[in-house]
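For the protein sequence lines, the chains are F and W, in the order given. Quick note: the first sequence uses full-length UniProt numbering, first residue 1, plus one each step. Quick note: the second sequence uses full-length UniProt numbering, first residue 1, plus one each step. Cβ coordinates follow ideal geometry from the N, Cα and C atoms, glycine included. All values reported here derive from a predicted model rather than from experimental measurement.
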Amino acid sequence: MSDTSTGSEDSAPGPEEVRHVADLARVGLDDDEVERFTEQFADILDYFETLDEVPEVERDADLVNVMREDEVRDSLTQEEALANAPETEDGYFKGPNVS
Amino acid sequence: MSADYNVFITEETIEGADDGPLADSTVAVKDNISTEGVRTTCGSEMLDDYVPPYDATVVERLKDAGATIVGKANMDEFGMGSTTETSAFGAAENPAAPGRVPGGSSGGSAAAVAAGEADLALGSDTGGSIRNPAAFCGVVGIKPTYGLVSRYGLVAYANSLEQIGPLAPTVEEAAALLDAISGPDERDATTREEGAGTDYAGAATGDVEDTTIGVPAELVEGADEGVRERFEASLDDLRERGATVEEVSLPSVEHAVEAYYVIAMSEASSNLARFDGVRYGHSGGFDGNWNEAFSKAREEAFGEEVKRRILLGTYALSAGYHDKYYKQAQDARAWVKQDFDEAFESVDVLASPTMPTPPFEVGESLDDPLQMYLADANTVPVNLADLPAISIPAGETDGLPVGIQFIGPAFGEEEIIRVGSALE
């Protein structure tokens, strides 16, 4: 990922990378949060590294898809579906520009 | 009344049918379980004024069974926490241990039962969120087998791990509540037939004659001395009643915590993408483009633990890291399942302390998230393996509640209820 950052551990994300992941996740962060998360992620990801010791295991293969008939069923009314929207217009959700 | 322990986020009476098996019972419902017409916040500012237009299946079943719902119980935000301190509506307190946390994330549900503000409660358990507060508050909690109880109407955090389950003062009452809510649901394709027509309450006989109880050393080693003493005393009780106790080994559980958090955070990063402030939830206003408005709404309305998990999940699933974290976590999950399967070839149930420590002091764990995650070591293996488990009060150490956990094979709820009831 970002090559401009260095974390406190070799593989841990630095502040720039934390910001980058926050952008990907569409979660705004303030500077204090970036600082705290950078420090904490080093510890937490370091701990996740111990998954390297897990042997390869044969997975259960007995999973099946569960399907139902594609038929019309009762659903929310348009009014109910829109009831919690902060803004609506002419029976539609109203949101920000997409780009 | 409820202000004492901050048990409820919303106090509201929802009447059930005139009669039914729960006609004389009041129930607190965790605030991530949808109630038609009654706000459901998930302990988050994001859903501060969200009012679901439909009931969760378990709520419909409570009403059909005649129960009276008395409020929506406080919880860690979106179920993310082990103390109920990450609630946007203030921390709940532990009625059984003043100055201590009630555990989490279903802390309000357990505290409601412990304080007598409800006869029974529903919680949800993704990595221990029913058993942890049950142990900390000195009540009974059951995490059902994955697929036994419908998750329709439960606001999703980590779908492959979480189940709704009961909290109650006694094993028999918890079992009766499980009887009311379990069983297949056409609106949740992960439910199975096994929960139909159950009589779990009838399994609370206290008879453990000829029962073999396995104790995984790995789940006892890390516990505090006082907790271990209570655990050993409970095992002695069971031996006196005719049970056999033997040691078993589950080497895979040493990796369960990291596997659990990688999987849970990954699923959370995907599930919580629905909170865009457009269809429901907190809106960041419509300045700028969609990405900016979305980021702003989420910056304002999500608490720090929720942001932490979304970001770590996004990181674990991102290009270049998927195989390193997520795939290995799935391997660890398969290994944990295999270990449990092998253990149940020689024992009927497994036993461990529910939590390695007594309840934390308020504020003790908040600054160090990794330490908080490690506290879940004994409960998360059960969710990874889709198994049922029950936490029963096992007395006190220095005046603080201790819980003992019994784990059963898949759909072995009768077994753990029977063994658990022997300790009452």
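Identity of the residue in W:G79, W:G242 and W:A56 nearest residue 428 of chain W by Cα
With chain W covering only 1 through 424, there is no way to say anything about residue 428 of chain W.
Anything in chain F within Cβ reach of residue 448 of chain W, meaning under 7 Å, just list it in chain order.
Since the first and last residues shown for chain W are 1 and 424, residue 448 of chain W lies out of range.
Go ahead and pull the three-state DSSP assignment for K324 of chain W.
helix
For E16 of chain F, tell me which candidate among F:V27, F:A25, F:R26 and F:E35 has the shortest Cα-Cα distance.
F:E35
To the nearest angstrom, how far is the alpha carbon of A73 of chain W from that of E53 of chain F?
40 Å
Within chain F, the residues that T83 of chain W reaches when beta carbons sit closer than 9 Å:
Correct list: empty, because the minimum Cβ distance to chain F is about 17 Å.
Using the Cβ count rule (16 or more neighbours within 10 Å means buried), how would you classify Y280 of chain W?
buried
Taking CB distances under 8 Å as the criterion, tell me whether residue 427 of chain W reaches chain F.
Residue 427 of chain W falls outside the range modelled here, since chain W spans only 1 to 424, and no answer is possible.
Along the alpha helix (DSSP H) that carries V21 of chain F, what are the first and last residues, could you check?
P15 to L24
Below 8 Å between beta carbons: does that hold for V101 of chain W and T83 of chain W?
yes
Can you find the residues in the same chain that come closer than 8 Å, C-beta to C-beta, to M372 of chain W, ignoring five residues on each side of it along the sequence?
G81, S82, T83, S365 and L366
Cα-Cα separation, V51 of chain W to R308 of chain W:
26 Å
Quick one: which chain F residues come within Cβ less than 7 Å of P102 of chain W?
Ordered by position in chain F, no residue passes the 7 Å Cβ test against P102 of chain W, which lies about 25 Å from the chain.
Amino acids of chain F, ordered along the chain, whose beta-carbon sits closer than 8 Å to that of N383 of chain W:
Here the premise fails: no neighbours, minimum Cβ distance about 16 Å.
Per-residue DSSP class, three states only, for I130 of chain W
coil
Distance cutoff 8 Å, beta carbons only. Does D331 of chain W sit that close to anything in chain A?
The question asks about chain A, but that chain is absent: this structure's protein chains are F and W.
Those runs of the beta strand (DSSP E) which lie wholly inside the stretch 336-364 of chain W and span at least 3 residues
349-353
Counting only beta-carbon separations shorter than 8 Å, does R288 of chain W have a partner in chain F?
Arg is not the amino acid found at residue 288 of chain W; the sequence shown has Gly there. Closer than 8 Å: yes.
With DSSP run on the structure shown, which of helix, strand or coil describes Y50 of chain W?
coil
Could you please tell me which residues of the stretch 29-44 of chain F, in chain order, have their CB closer than 9 Å to any CB of chain W?
L29, D30, E33, R36, F37, Q40, F41, D43 and I44
Quickly, what does DSSP pair N271 of chain W with across the bridge? List them, please.
Bridge partners of N271 of chain W: none, in fact.
Could you tell me whether the Cβ of R19 of chain F comes closer than 8 Å to any Cβ of chain W?
no
Please give me, in chain order, every unbroken run of the beta strand (DSSP E) with length at least 3 that falls completely inside the stretch 14-102 of chain W.
26-30 and 68-73
Starting from K143 of chain W, trace the beta strand (DSSP E) in both directions and tell me its first and last residue.
V140 to K143
Continuous alpha helix (DSSP H) stretch holding L177 of chain W: start and end
V171 to I181
How is residue 428 of chain W classed by DSSP in three states: helix, strand or coil?
No information on residue 428 of chain W is available, as it lies outside the stretch 1 to 424 that chain W covers here.
CA-CA distance, V70 of chain W and S346 of chain W?
44 Å
Between L45 of chain F and S11 of chain F, is the Cβ-Cβ spacing less than 8 Å?
yes
K94 of chain F classed as buried or exposed, judged by whether at least 16 other C-beta atoms fall within 10 angstroms
exposed
If you count every other CB in all the chains shown that lies within 10 Å of the CB of Y92 of chain F, and 16 or more means buried, which is it?
Exposed is the call here.
Which residues in chain W sit within 9 Å of A12 of chain F, going by Cβ to Cβ distance?
The contacting residues do not exist; A12 of chain F stays about 10 Å from chain W at best.
Excluding five sequence neighbours on each side, which residues of the same chain lie with their C-beta closer than 8 Å to the C-beta of D398 of chain W?
G226 and P358
Taking only beta-carbon atoms, is G222 of chain W less than 8 Å away from chain F?
no
Using 8 Å as the limit for Cβ to Cβ distance, is I33 of chain W near chain F?
no
Flag this pair as yes or no: are the beta carbons of S182 of chain W and V149 of chain W separated by less than 8 Å?
yes
Give me the chain W residues within the contact set of L76 of chain F, using Cβ-Cβ distance strictly less than 9 Å, ordered along the chain.
P53 and Y54
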